[in-house]
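In what follows, a single structure is set out as structure tokens and then discussed.
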Ligand SMILES: [Zn+2]
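Numbering (the numbering used here), first residue to last: 242 to 365.
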């Protein structure tokens with residue numbers, strides 16, 4: 242992949258990273274605000290626990306996305322970005338456009354998903 246395209250995907254990733262970082266902050270804040278209201282207005286522990294749980298879960302899911310972006314940026318530094326981690330073929334740029342954090346081309350992604358169901362493929 243040439244430097245110009247790499248730069249393009251890097252910008253996509255950095256934009257996503259900023260958006261998700263913002264989102265984690267506002268999602269967690271919103272959920273924690275609910276949690277605080279619950280404490281003030283009632284002693285309903287189950288509602289408080291639920292809100293806390295939501296805050297944590299939102300954070301976890303977004304953190305995974307942020308980790309994926311971090312790894313993609315790392316692969317860029319290493320020069321392996323846009324190369325399928327399984328078959329070493331270049332990943333279709335249209336796929337990267339839609340999913341800049343893609344580690345595998347469509348064929349390998351499908352093979353991995355059908356091979357081990359809900360388990361994530363090994364990192365890198
Ligand atoms: Zn592949």
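Cβ atoms here follow ideal geometry from the backbone N, Cα and C, with glycine treated the same way.
Keep in mind it's a predicted model, so treat the numbers as computed, not measured.
For residue i, write down the residues that DSSP places opposite it in a beta bridge.
i: residue 331; result: 324
Please indicate yes or no: does the CB of residue i lie closer than 6 Å to some heavy atom of ligand 1?
i: residue 305; result: no
i: residue 346; result: yes
i: residue 316; result: no
i: residue 335; result: no
i: residue 266; result: no
i: residue 312; result: no
i: residue 298; result: no
i: residue 327; result: yes
Smallest Cα separation from residue i: which of the options?
i: residue 348; options: 338, 328, 337, 307; result: 328
Using the rule of at least 16 other Cβ atoms within 10 Å of the residue's Cβ for burial, across every protein chain shown, is residue i buried or exposed?
i: residue 351; result: exposed
i: residue 315; result: exposed
i: residue 256; result: exposed
i: residue 341; result: buried
i: residue 308; result: exposed
(Q) Check whether the segment 321-337 and the segment 294-306 are in contact - that is, three or more C-beta pairs closer than 8 Å. (A) The count of Cβ pairs closer than 8 Å, one atom from the segment 321-337 and one from the segment 294-306, stays below three, leaving the stretches out of contact.
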